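S.K.: Numbering (full-length UniProt numbering), first residue to last: 1 to 426.
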């Protein structure tokens, strides 16, 4: 308190920084956004590497899901985190940094690796871009990485042995850089060998990365192809029987997918035989079937529109693409499957999230799912107009040294985006 004699103002005592960090490290990350508003000091401590080292040391790391969600009428997407804690399953906005906040371009490719999310290519102002951005999930800051050798959108990407492989999505199917690989340690891009003739279509639909082995993808002609880094070779796989098996996701060497009728299917990652249904999820089938994908990443929509005249000439009934592709999406937390979907009621729109444990029965060659919990994580009341429903797009899993995470970004009439977990990959 200042007196008339000009004595110095008494300062409030402050806790030592080490003690403050020790306290903050024990607080759930879902509360970090609120705590960062307490003071500039708290905000700066929230983004220090020491905080995340302490969280790991104290065993306070959490499984999180990162979602990038555009909610009408706001035109720009926002990032959210979703905790998997039983009493804390709620969406928490990622605090924006005016100097670094970035929006993922339309039809960009995303992978989770190390301590963050890589966002590659996409369309900006209707034009393809070669730019690459990185979101550090420890500090929620963005950085710009070296650009790819060619602009691309609606490409596929995957992480194998610590390197990021991306291919397709470029207008020139004969480009020597149709496929590229990024080394996060060296921060360099290198071209891959040219794929077999007639495979390098611009439009790529699905992809998965089988850890330390290969990247498997499917093009618009439903042909599966894989790139094996250890051999520097492309290998042609089977022809898919239907374009309606979407959202491939790998969990413990088993590939799962969504089917437009609401079924969750599986196949062995290394055998690539016929799809089989995951049993025990019949109660979800009807609601999953009602969830329809609306934003599908540019090239797929262009391809659908260009094929309409051919389909009419062949006598097929024409429907819209959002009526043919599923809106439910898959991810995982460890060995458990995570399912996201939307429910549109007369007066509200809900985004739902379920966690499913998976049990393998070798005698019957079946995989059975057990729904551990299922609940809405967002409600819009009243719902947006039909043509302005929430927008989401892809799913990728990740992890880092401190808080284990995973990412999801979906595009749907009624859906959302997210982040997941791992030990050293996002």
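All residues carry an ideal CB built from backbone N, CA and C; glycine is no exception.
Being a predicted model, the structure only gives us computed values, none of them experimental.
(1) In whole angstroms, what is the alpha-carbon distance linking residue 183 and residue 378?
(2) With distances taken from CA atoms, which of 340, 144, 270, 287 is nearest residue 187?
(3) At what residues does the alpha helix (DSSP H) containing residue 286 begin and finish?
(4) Would residue 122 and residue 105 be called neighbours here (beta carbons separated by less than 7 Å)?
(5) Count the other CB atoms, across all protein chains shown, that sit within 10 Å of the CB of residue 61; report buried if there are 16 or more and exposed otherwise.
(6) Residue 421 to residue 178, Cα distance in whole Å?
(7) Determine, using beta carbons only, whether residue 160 and residue 209 come nearer to each other than 7 Å.
(8) Determine the DSSP secondary structure at residue 258, reduced to helix, strand or coil.
(9) Locate the beta strand (DSSP E) running through residue 329, then write down its first and last residues.
(10) Applying the 10 Å Cβ sphere with the 16-neighbour rule, what's the burial state of residue 18?
(11) Sort out for me which residues DSSP pairs residue 224 with in a bridge.
(12) Compute the beta-carbon to beta-carbon distance between residue 216 and residue 165, rounded to the nearest angstrom, for a pair I have assumed lies under 8 Å.
(13) Please report the distance separating the alpha-carbon of residue 252 from that of residue 39.
(14) Do three or more CB pairs link the stretch 109-119 to the stretch 84-94 at distances below 8 Å?
(15) Let me know if residue 346 comes out buried or exposed under the rule of 16 or more other beta-carbons within 10 Å of its beta-carbon.
(16) Report the residue from 218, 156, 277, 370 whose alpha carbon sits nearest the alpha carbon of residue 364.
(17) Between 28, 42, 35, 69, which has its C-alpha nearest residue 456's C-alpha?
(18) Using the Cβ count rule (16 or more neighbours within 10 Å means buried), how would you classify residue 310?
(19) Flag this pair as yes or no: are the beta carbons of residue 21 and residue 51 separated by less than 7 Å?
(20) Secondary structure at residue 41, three-state DSSP: helix, strand or coil?
(21) For the stretch 332-341 against the stretch 265-276, are there 3 or more C-beta pairs whose distance is under 8 Å?
(22) When you compare only the Cα positions, how much space is there between residue 330 and residue 65?
(23) Measuring only from the beta carbon, is residue 145 closer than 6 Å to any heavy atom that is part of the ligand ZN?
(24) In this structure, does DSSP put residue 118 in helix, strand or coil?
(25) Where does residue 135 land, buried or exposed, given buried means 16+ other C-beta within 10 angstroms?
(26) With a 10 Å radius around its C-beta and 16 neighbouring C-beta atoms as the bar for buried, classify residue 373 as buried or exposed.
(27) So the candidates are 128, 348, 168, 259; which of them puts its Cα closest to the Cα of residue 286?
(28) Under a three-way DSSP split, which group does residue 133 fall into?
(29) Taking the beta carbon of residue 328 as the centre, do at least 16 other beta carbons fall within 10 Å, making it buried, or is it exposed?
(30) Return helix, strand or coil for residue 278, following the three-state DSSP convention.
(31) Can you pull the DSSP bridge partners for residue 375?
(32) I need the DSSP call for residue 23, collapsed to helix, strand or coil.
(33) Have a look at the DSSP bridge pairing and note the partners of residue 183.
(34) For residue 108, count the other beta carbons within 10 Å of its own beta carbon; 16 or more makes it buried, fewer makes it exposed. Which is it?
M.R.: Let's see:
(1) Taking the first residue of the chain shown as position 1, residue 183 is located at position 183. Taking the first residue of the chain shown as position 1, residue 378 is located at position 378. Distance between the alpha carbons of residue 183 and residue 378 is about 37 Å.
(2) Taking the chain shown and counting its residues from 1, one reaches residue 187 at position 187. Cα-wise, what sits closest to residue 187 is 144.
(3) Residue numbering aside, residue 286 sits at position 286 when the chain shown is read from its first letter. Start and end: 282-289.
(4) By one-based count along the chain shown, residue 122 stands at place 122. By one-based count along the chain shown, residue 105 stands at place 105. Yes, Cβ-Cβ distance for residue 122 and residue 105 is below 7 Å.
(5) Your numbering for residue 61 matches position 61 in the chain shown. Flag for residue 61 reads buried.
(6) Here residue 421 refers to the residue found at position 421 of the chain shown. Here residue 178 refers to the residue found at position 178 of the chain shown. With a pLDDT of only 32 at residue 421, under the threshold of 50, the placement of this residue in the model should not be trusted; the figure read from the coordinates follows. The straight-line gap from Cα to Cα measures roughly 30 Å.
(7) In the chain shown, counting from the first residue as 1, residue 160 sits at position 160. In the chain shown, counting from the first residue as 1, residue 209 sits at position 209. Against a cut-off of 7 Å, the Cβ pair of residue 209 and residue 160 comes out as a contact.
(8) For the purposes of this step, residue 258 is identified with residue 258 of the chain shown, where counting begins at 1. The answer is strand: DSSP assigns residue 258 an E or B state.
(9) Here residue 329 corresponds to residue number 329 of the chain shown, with the count starting at 1. It spans 329-333 - the beta strand (DSSP E) in which residue 329 sits, taken as one unbroken run.
(10) In the chain shown, the residue the question calls residue 18 occupies position 18. Exposed: under 16 other Cβ atoms inside 10 Å.
(11) Counted from its first residue, the chain shown places residue 224 at position 224. Residue 224 pairs with 218.
(12) Taking the chain shown and counting its residues from 1, the one referred to as residue 216 is at position 216. Taking the chain shown and counting its residues from 1, the one referred to as residue 165 is at position 165. About 11 Å; that fails the 8 Å criterion.
(13) Residue mapping note: residue 252 aligns to position 252 of the chain shown, counting from 1. Residue mapping note: residue 39 aligns to position 39 of the chain shown, counting from 1. Cα-Cα distance, rounded: 44 Å.
(14) no
(15) The residue you call residue 346 lines up with position 346 of the chain shown. Residue 346 is exposed by the Cβ-count criterion.
(16) Stepping through the chain shown from its first residue, residue 364 is reached at position 364. Minimum Cα distance to residue 364 is reached at 277.
(17) Outside the modelled stretch of the chain, which goes from 1 to 426, sits residue 456, for which no answer is possible.
(18) Here residue 310 corresponds to residue number 310 of the chain shown, with the count starting at 1. Confidence is the limiting factor: at residue 310 the pLDDT is only 48, short of 50, which leaves the residue's position unreliable and the question unanswerable from this model.
(19) Within the chain shown, the letter at position 21 stands for residue 21. Within the chain shown, the letter at position 51 stands for residue 51. Yes. Within cutoff.
(20) Sequence index remark: in the chain shown, residue 41 carries index 41 (1-based). Note: residue 41 maps to helix in three-state DSSP.
(21) no
(22) Counting from one through the chain shown, the residue named residue 330 turns up at place 330. Counting from one through the chain shown, the residue named residue 65 turns up at place 65. Distance between the alpha carbons of residue 330 and residue 65: 12 Å.
(23) Looking for the ligand ZN in the displayed structure turns up nothing, as the structure carries no ligands at all.
(24) The residue you call residue 118 lines up with position 118 of the chain shown. Reduced to three states, the DSSP call for residue 118 is strand.
(25) Working through the chain shown from its first residue, we reach residue 135 at position 135. Under this definition residue 135 is a buried residue.
(26) On the chain shown, position 373 is the one that residue 373 refers to. Residue 373 should be labelled exposed.
(27) Your numbering for residue 286 matches position 286 in the chain shown. Of 128, 348, 168, 259, the residue nearest in Cα terms is 259.
(28) To locate residue 133, count along the chain shown from 1; it is residue 133. Reduced to three states, the DSSP call for residue 133 is strand.
(29) As a first step, residue 328 must be located in the chain shown, where it is residue number 328. Under this definition residue 328 is a buried residue.
(30) The sequence position of residue 278 within the chain shown is 278, counting from 1. Correct three-state label for residue 278: coil.
(31) If you number the chain shown from 1, residue 375 lands on position 375. Answer by DSSP bridge pairing, in chain order: 353.
(32) Taking the chain shown and counting its residues from 1, the one referred to as residue 23 is at position 23. In the structure shown, residue 23 sits in a helix (DSSP, three-state: H, G or I).
(33) Stepping through the chain shown from its first residue, residue 183 is reached at position 183. Bridge partners of residue 183: 188.
(34) Residue mapping note: residue 108 aligns to position 108 of the chain shown, counting from 1. Per the 10 Å Cβ criterion, buried.
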